[in-house]
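When you read off a place in the sequence shown, starting at 1, and then add 24, the result is the number in our numbering. One structure below.
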Amino acid sequence: MSNNTPLVRPQSDRRLWLSYAGACLLSWMLYAMAGAELQRGLWQLWEAAYQATLSLAPPMLLGPLLWWLVRALQGRPMALQLAAHLLGALGFALAWQGLEFALAWWLFGPEHARAMLMQTVLWRAIWGLFVYSALVGGFTAVLKTRQARASALAAAQAESALARAELAAISGKLNPHFLFNTLNSLIALTRRDPRAAEAALMQFATMMRYVLDAKRNAEGRASLAEEVDFLHDYLALESLRLGARLRVQWDLEPGTLDDEIPVLTLQPLVENSILHAIAPRVEGGCVSISARRDSLNGGLALTVADDGPGCAPDQLDGPSVNGRGVGLSALRRRFALDFDGRARLRIHTAPGAGFRVDLWIPQT
């Protein structure tokens, strides 16, 4: 067998032989019924059963040897396979006649066995070639199916590994910007209020633990309640820097807090709003975070919106959306990998109308 051929586990042969035994039993019953019908009642039922057994027992006993032959030839050059099957077909026909002859000799003596051989030698040879071809074709189909399943499984495992690697890379893109800004805020705070800075550092340590856990399991899930707790800490740190300029509105349906979402889903969206809609303006602005149950399909609908300057609709098609393109494109790709394209991310914005991102995450 070639090195590229997927291996089949031995225990998987059990279903094959159960199917083979069932096919043999069905063939035997049909042969016996046909023999009894053709004789129009002249033969007893046991005579039809005897004839079916005498005719079909040899190829049924030889069938498993063909399974071994097909497996041994798998992956070999085509010319070798054809030559081996030609010899195998001849050997199968001869073995069939030999077993039938031996059985007739044992039951009825040599004269009867020789007479039966002379009458059936040509038809048994033809039927031997036909049955050999059918068995080899069936066994080959079984092996090809197993090989296709093994290849599909290997491809799925490779795709899963690639998806995990991409999710880890995406998570790596989302975190550094957040960490850089938070550290800058803490440095500034230590100069103004060391005690507040100490408390903020404790919050930061809690957040870092959450971020590191997310980094180790980038494709993992977190409950919405955990993400909200993380977001509360993040906003508390940002409030130390922005003060009253940062206003936050929460609208969370209690029934959604146990829903699962990818880790670090909301924070990049909130960070974008703070960076582009609130921090640059003297008057600051408001960030709204909402979560509700979609009554039509049971999914989780999340919204992060701000009252900032927004952008023109034609900017949504560019590589960067008002400077927010990296985080949004990373989240979109993350959803595509994590939910096979079922999750949705939609942007609503216009000049002077703020910026809103709607997420829909399936829960089944």
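Here a beta-carbon is modelled for each residue, glycine too, at the ideal position from N, C-alpha and C. If you're wondering where the values come from, they're calculated on a predicted model, not measured in any experiment.
| Those residues which DSSP pairs with Q273 across a bridge | Here residue 273 refers to the residue found at position 249 of the sequence shown. Beta-bridge pairing links Q273 to S312.
| query | Mind pulling the alpha helix (DSSP H) runs of 4 or more residues that sit fully within the segment 73-141? | reply | 102-132
| request: Would you check if the distance between the CB atom of G332 and the CB atom of G267 is smaller than 8 angstroms? | output: Residue mapping note: residue 332 aligns to position 308 of the sequence shown, counting from 1. Residue mapping note: residue 267 aligns to position 243 of the sequence shown, counting from 1. Not closer than 8 angstroms, so no.
| field | Span of the beta strand (DSSP E), counted from its first residue to its last, around V328 | value | As a working note, residue 328 is residue 304 in the sequence shown. Counting along the chain, the beta strand (DSSP E) containing V328 begins and ends at L324 to D330.
| task | Starting from the C-beta of L271, find all residues in its chain whose C-beta is less than 6 angstroms away, skip the five residues before and the five after it, and write them out in chain order. | result | Here residue 271 refers to the residue found at position 247 of the sequence shown. Note that residue 271 corresponds to Arg in the displayed sequence, not to Leu. Here the set comprises C310.
| When you compare only the Cα positions, how much space is there between S51 and L153? | The residue you call residue 51 lines up with position 27 of the sequence shown. The residue you call residue 153 lines up with position 129 of the sequence shown. One C-alpha to the other measures close to 17 angstroms.
| request: Helix, strand or coil for T169, going by three-state DSSP, please let me know. | output: Numbered from its first residue, the sequence shown carries residue 169 at position 145. Helix.
| Reduced DSSP secondary structure (H/G/I, E/B, other) of D362 | As a working note, residue 362 is residue 338 in the sequence shown. Reduced to three states, the DSSP call for D362 is helix.
| Between which two residues does the beta strand (DSSP E) containing D382 stretch? | Locating residue 382 in the sequence shown gives position 358, counting from the first residue. Residues F379 to I385.
| Sub-8 angstroms separation of A260 and Q291 beta-carbons | On the sequence shown, position 236 is the one that residue 260 refers to. On the sequence shown, position 267 is the one that residue 291 refers to. In this structure, Q291 does not lie closer than 8 angstroms to A260 by Cβ.
| Through-space distance from R265 to V345, alpha-carbon basis | Residue numbering aside, residue 345 sits at position 321 when the sequence shown is read from its first letter. Residue numbering aside, residue 265 sits at position 241 when the sequence shown is read from its first letter. Residue confidence is low: V345 scores 47 on pLDDT, short of 50, so the model does not pin down where it sits. Its coordinate-derived value is still stated next. So the alpha carbons of these two residues sit roughly 25 angstroms apart.
| task | Name, in chain order, the residues that DSSP records as bridge partners for E284. | result | Reading the sequence shown from its first residue, position 260 is the one you call residue 284. Partner(s): S247.
| task | Would you mind giving the Cβ-Cβ distance between P83 and W120, rounded to the nearest angstrom? I have them listed as a contact below 8 angstroms. | result | Within the sequence shown, residue 83 is the residue found at index 59, counting from 1. Within the sequence shown, residue 120 is the residue found at index 96, counting from 1. Confirmed, Cβ separation roughly 6 angstroms.
| task | Would you verify that the beta carbon of L49 is, or is not, closer than 8 angstroms to some beta carbon of chain B? | result | The structure shown contains no chain B, having only a single protein chain.
| task | Check whether the segment 39-53 touches the segment 125-137, taking contact to mean three or more Cβ pairs, one atom from each stretch, closer than 8 angstroms. | result | no
| query | For L131, which of F254, L86, L78 and M231 has the nearest alpha-carbon? | reply | In the sequence shown, the residue the question calls residue 131 occupies position 107. Here the closest residue by C-alpha is L78.
| said: Helix, strand or coil, according to DSSP, for L207 in the structure here? | reply: Sequence index remark: in the sequence shown, residue 207 carries index 183 (1-based). Note: L207 maps to helix in three-state DSSP.
| request: Taking all protein chains shown into account, decide if S319 is buried (16 or more other Cβ within 10 angstroms of its Cβ) or exposed. | output: Locating residue 319 in the sequence shown gives position 295, where the first residue counts as 1. S319 should be labelled exposed.
| request: Might you give, ordered along the chain, the residues of its own chain that have their beta carbon closer than 8 angstroms to the beta carbon of S157, omitting 5 neighbours on each side? | output: Here residue 157 is taken as the residue at index 133 of the sequence shown, counted from 1. Only A113 meet the Cβ criterion.
| Smallest Cα separation from S297: which of R356, L236, T373 and P218? | Here residue 297 refers to the residue found at position 273 when the sequence shown is read from its first residue. It is T373.
| field | Contact between the segment 351-371 and the segment 380-388 (3+ Cβ pairs under 8 angstroms) | value | yes
| query | Should P101 go down as buried or exposed, given a rule of 16 or more other Cβ atoms within 10 Å for buried? | reply | On the sequence shown, residue 101 is found 77 positions in, with the first residue counted as 1. The residue in question, P101, is exposed, as its Cβ has fewer than 16 Cβ neighbours within 10 Å.
| message | Quick check: the Cα distance between G46 and V160, rounded to an integer number of angstroms? | response | For the purposes of this step, residue 46 is taken as residue 22 along the sequence shown, with counting starting at 1. For the purposes of this step, residue 160 is taken as residue 136 along the sequence shown, with counting starting at 1. Between G46 and V160, the C-alpha separation is close to 17 angstroms.
| To the nearest angstrom, how far is it from the Cα of A249 to the Cα of D282? | The count along the sequence shown starts at 1 and reaches residue 249 at position 225. The count along the sequence shown starts at 1 and reaches residue 282 at position 258. Answer to the nearest angstrom: the Cα atoms are 6 angstroms apart.
| said: What does DSSP give as the partner residue(s) for L369 in the beta ladder? | reply: Translated into the one-based positions of the sequence shown, residue 369 becomes position 345. For L369, which the question treats as bridged, DSSP gives the partners L383.
| request: Please work out which residues of its chain come closer than 8 angstroms, Cβ to Cβ, to D364, disregarding the five sequence neighbours upstream and downstream, and give them in chain order. | output: As a working note, residue 364 is residue 340 in the sequence shown. Closer than 8 angstroms at the Cβ level, and outside the excluded window around D364, lies no residue.
| field | Residue span of the alpha helix (DSSP H) that contains L293, given as start and end | value | Here the question's residue 293 lines up with position 269 in the sequence shown. It spans L290 to S297 - the alpha helix (DSSP H) in which L293 sits, taken as one unbroken run.
| field | Proximal residues to V155 (C-beta, below 6 angstroms), its chain only, five neighbours per side dropped | value | Here residue 155 refers to the residue found at position 131 of the sequence shown. Once the five neighbours on either side are set aside, the close Cβ partners of V155 are P83.
| task | Give a yes or no on whether the C-beta atoms belonging to D330 and A301 are separated by under 8 angstroms. | result | Indexing the sequence shown from 1 puts residue 330 at position 306. Indexing the sequence shown from 1 puts residue 301 at position 277. The answer is yes: Cβ separation under 8 angstroms.
| query | Ordered along the chain, which non-local residues of its own chain (more than five positions away) have a Cβ less than 6 angstroms from that of R269? | reply | To locate residue 269, count along the sequence shown from 1; it is residue 245. If we look at R269 and ignore the five residues flanking it on each side, its Cβ neighbours are G308.
| Residues near A220 in its chain [Cβ-Cβ closer than 8 angstroms; skip 5 each side] | In the sequence shown, residue 220 corresponds to position 196, counting from 1. Cβ within range, chain order: L213 and L264.
| message | Just to confirm, is the Cβ distance from C335 to P375 under 8 angstroms? | response | Within the sequence shown, the letter at position 311 stands for residue 335. Within the sequence shown, the letter at position 351 stands for residue 375. The answer is yes: Cβ separation under 8 angstroms.
| query | G347 to A303, Cα distance in whole Å? | reply | On the sequence shown, position 323 is the one that residue 347 refers to. On the sequence shown, position 279 is the one that residue 303 refers to. The pLDDT assigned to G347 is 49, lower than 50, so where the model puts this residue is not dependable; a value taken from the coordinates is nonetheless given after this. Approximately 14 angstroms between the Cα atoms of the pair.
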